[in-house]
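Heads up, the sequence shown is in this note's numbering, so the first residue is 339 and it goes up one at a time.
All residues carry an ideal CB built from backbone N, CA and C; glycine is no exception.
The structure appears right after this line, and notes come after that.
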Amino acid sequence: MSGDYYVPSPYPRETQLNPWLVRLPILFISGCVLLVAALAALVAGFQIQFGDKIVPGVWSNGVNLGGMTQAQAVSALSGSFTYDRTAVFTFRHDDRFWQATAGELGIRFDVEATVEEAFKAGHSGSLLSDLGTQASTWLNGRSIAPIVRYDQAVTLQRLAGIANELNRAPVDATLSISGTVVVATPSQTGRALDISGTLDRLEAALLRLDTGAEIPLVVNESQPYIRDAETAAAQLNAALSAPLTLVTDDQKGGTMGPWTASIDQIKSLLVLGLTANEDGTQRYEVRVNTEPLRGFLATLAPGLISQPQDGRFHFNEATRQLEMIRESINGRGLDVDATLVRIGETVFNTGNRIVPLAFAYDLPTYSSNITAAELGITQLVAEATTYYTGSTQSRVQNIIEGAKRLNGLIIAPEETFSFNTYLGDINPEDGFVQGKVIFGGRTIDGVGGGVCQVSTTIYRAALKAGFPIVERHSHGYRVGFYELNNTPPGLDAAIFQPTADFRFLNDTPYHLLIETSVFPADQSIQFRLYSTNPGRQVVMEGPVIRDVVPALGTIYQANSQLQPGQELYVDWAKEGADVTFTRRILDMQGEVIRTDTIYTHYLPWAAVVEVAPSDPRVSSTQAGVSS
């Protein structure tokens with residue numbers, strides 16, 4: 339096949355270089371050089387132009403100082419502000435003040451120094467630092483505070499004079515007592531002028547270009563060591579204003595005392611001293627030392643002791659509830675410590691100067707609101723009646739008084755009833771009167787004659803209830819009163835304080851209520867015992883009477899209140915004998931639980947008859963041992 343055809347060369351063709359790739363870097367570098375040269379020329383020109391002038395942007399007191407020489411700036415500022423030498427500065431503390439003029443204090447506007455400060459902006463001597471300052475000042479401006487000078491020596495001397503007038507040392511409060519007159523002087527706070535602090539305030543006013551100002555003095559206070567006497571003085575005046583009166587009641591609506599602590603006695607109890615405040619200072623303090631009164635109160639204490647008194651009750655058989663017949667009373671004893679506290683609390687009172695004595699109380703066993711259910715009292719378990727027909731009025735009075743003392747009494751389970759204990763003392767102060775008492779083989783006048791009828795009656799009730807008899811004494815002879823209405827002998831109980839008592843044990847798990855009644859119409863005394871029957875019956879067998887001895891002859895005794903022919907039987911003739919009763923305690927099925935033998939030995943006795951003293955039958959021989 340003929341003809342030409344193209345065969346590619348195995349080597350690339352040679353390329354041409356772009357000339358701008360060379361030109362552009364050269365142009366950039368040349369531009370930078372020219373720019374730097376221009377800036378350098380500009381900076382150099384600026385430095386030359388403002389080398390001896392204040393740089394643009396500097397102000398002082400509202401005057402633009404930029405571009406001015408220092409002389410020009412002095413002239414410009416001098417014309418804008420002049421400090422008035424007659425301007426008055428007032429130094430004040432509270433309501434006191436001291437004055438001085440600007441001239442007296444040497445106060446002036448230092449324009450040269452102010453211009454010097456203005457020129458220093460951008461003229462430190464370091465080009466790099468100055469360039470930054472100059473640029474910043476030109477762009478943002480800079481204000482130079484006017485410099486005001488004062489004569490420090492003169493000002494210090496003036497302030498020292500003020501200090502001499504103002505300064506004072508702190509004064510302690512004082513307190514004294516003369517008799518009952520209390521004199522207190524108040525404390526006074528110390529003060530001292532702070533000259534350095536006051537100068538700072540003056541300089542601040544000068545920087546504000548005040549041409550007259552009030553300068554509050556800087557005053558430091560110092561507290562006295564003893565700050566307060568008035569409070570203690572008020573306490574002392576109150577304590578010595580009047581005596582203290584100690585009072586109490588007798589728990590029966592009456593009052594006891596009063597006992598008085600005089601002003602002189604109170605003064606002796608007061609103790610004056612110093613105590614620290616929280617800030618380290620001290621104050622006067624008045625304390626009361628009541629210990630000297632402890633001995634006095636101790637002497638009062640025995641007469642103020644009272645024992646608790648149980649409530650007394652009646653059992654209402656219809657409602658089966660207790661009805662109070664005498665309120666319970668708390669026992670008490672003087673609480674000396676608590677009373678001393680009350681005295682200490684009352685000493686500083688100005689109005690109420692009465693101190694109620696403080697007591698520690700003992701609660702009674704049976705309070706007024708106790709119930710029959712709480713005590714296990716549900717029924718009448720026994721009763722007994724004796725008769726006093728033919729008794730003298732005095733004997734009847736003693737029977738009534740004795741019965742009254744036992745009425746409403748509660749005996750606890752396992753408690754032993756003591757007749758003498760619950761009866762109390764037999765004396766005229768307690769309601770008993772003179773009566774006939776047979777003692778030492780003679781019938782004599784004695785307090786309480788007839789009380790044995792009370793003990794005899796409760797003895798018989800205790801027998802019927804099945805209570806164990808702990809102590810019983812028979813009379814030495816058969817007393818006629820105890821055999822009235824066909825009552826057999828051998829069931830009497832004599833008492834003689836303090837040697838002879840009647841006692842029985844409440845051996846049940848239930849409380850026992852004793853009720854007494856005296857019936858003048860049929861001349862009788864009755865005891866009723868209320869409790870709960872523990873499940874027993876009582877059977878009395880007897881009497882068995884042995885060894886009977888005939889009665890003695892009649893004894894006639896003189897009674898000055900009787901007329902001739904009148905006779906008053908004091909006692910009746912009785913045979914002597916040995917009498918035995920048997921008491922069997924049965925359970926509810928009739929099985930014997932316990933058997934008691936009651937043995938009594940009676941001496942023969944004569945009738946005792948009172949007659950007129952002139953009666954020829956009056957005998958010196960009398961008999962008997964009881965009432």
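By the Cβ criterion, the region 717-724 is not in contact with the region 688-695, since fewer than three pairs of Cβ atoms, one from each stretch, lie closer than 8 angstroms. If you draw a 10 Å sphere on the C-beta of residue 760, you find fewer than 16 other C-beta atoms in it, and that means exposed. Within its own chain, the residues whose Cβ lies closer than 8 angstroms to the Cβ of residue 511, once the five positions on either side in sequence are excluded, are 522, 523, 524, 525, 562, 564, 565, 566, 567, 568, 621 and 622, listed in chain order. Listed in chain order, the non-local C-beta contacts of residue 576 below 6 angstroms within the same chain comprise 686 and 688, local neighbours out to five positions each way being set aside. Between the region 886-896 and the region 909-920 there are three or more inter-stretch CB-CB distances shorter than 8 angstroms, so the stretches are counted as touching.
Three or more beta-carbon pairs separated by less than 8 angstroms are not found between the region 893-900 and the region 746-763, which leaves the two stretches without contact.
Only buried fits residue 745, as 16 or more other CB atoms lie within 10 angstroms of its CB.
Going by beta carbons, residue 921 and residue 931 fall outside the 9 angstroms limit. For residue 611, the CB contacts under 6 angstroms within the same chain, skipping 5 residues up- and downstream, are 623 in chain order. Judged by pairs of C-beta atoms under 8 angstroms, the region 859-875 does not touch the region 760-771, as fewer than three such pairs exist. In chain order, 925 and 926 place their CB closer than 7 angstroms to the CB of residue 873, counting only its own chain and leaving out the 5 sequence neighbours on each side. Residue 691 sits in coil when the DSSP states are folded into three classes, being neither helix nor strand. When the beta-carbon positions are compared, residue 909 and residue 950 stay at least 9 angstroms from each other. Annotation: the continuous beta strand (DSSP E) that includes residue 530 extends over 528-531.
Residue environment analysis places residue 617 among the exposed positions, since fewer than 16 neighbouring C-beta atoms fall within 10 angstroms of its C-beta. Scanning its chain for C-beta atoms nearer than 7 angstroms, with the 5 sequence neighbours on each side dropped, one finds around residue 741 the residues 792, 854, 856 and 863, in chain order. Following the DSSP letters along the chain, one finds residue 399 in no beta strand (DSSP E), marked with neither H nor E. For residue 734, the enclosing alpha helix (DSSP H) starts and ends at 731-744. Distance from the CA atom of residue 893 to the CA atom of residue 788, rounded to whole angstroms, is 20 angstroms. Burial of residue 813 is indicated by the presence of at least 16 other C-beta atoms within 10 angstroms of its C-beta. Here residue 412 is not near residue 480, since their CB atoms are 9 angstroms or more apart.
Using a Cβ distance threshold of 9 angstroms, residue 585 and residue 595 count as a contacting pair. Residue 809 is bridged by DSSP to 841. Within the model, the alpha-carbon separation for residue 560 versus residue 494 is close to 23 angstroms. For residue 625, there is no enclosing alpha helix (DSSP H); the residue is found in the beta strand (DSSP E) stretching over 620-626. With contacts defined by Cβ atoms closer than 9 angstroms, residue 681 and residue 628 form a contacting pair. The region 823-837 makes no contact with the region 694-712, as fewer than three CB pairs between them are under 8 angstroms. Per the coordinates, the alpha-carbon of residue 704 lies some 47 angstroms from the alpha-carbon of residue 573. The Cβ atoms of residue 501 and residue 531 sit closer than 9 angstroms to each other.
By the Cβ rule, the region 803-818 counts as touching the region 841-853, because three or more pairs are nearer than 8 angstroms.
Judged by DSSP in its simplified three-state form, residue 817 adopts coil rather than helix or strand.
Between the C-alpha atoms of residue 504 and residue 478 there is a straight-line separation of about 49 angstroms.
Per DSSP, the beta bridge partners of residue 725 are 862.
In this structure, DSSP gives residue 675 a helical state, which the three-state scheme calls helix. Counting only the Cα atoms, residue 875 lies some 22 angstroms from residue 653. Residue burial annotation: residue 602 is exposed, with fewer than 16 other C-beta atoms found within 10 angstroms of its C-beta.
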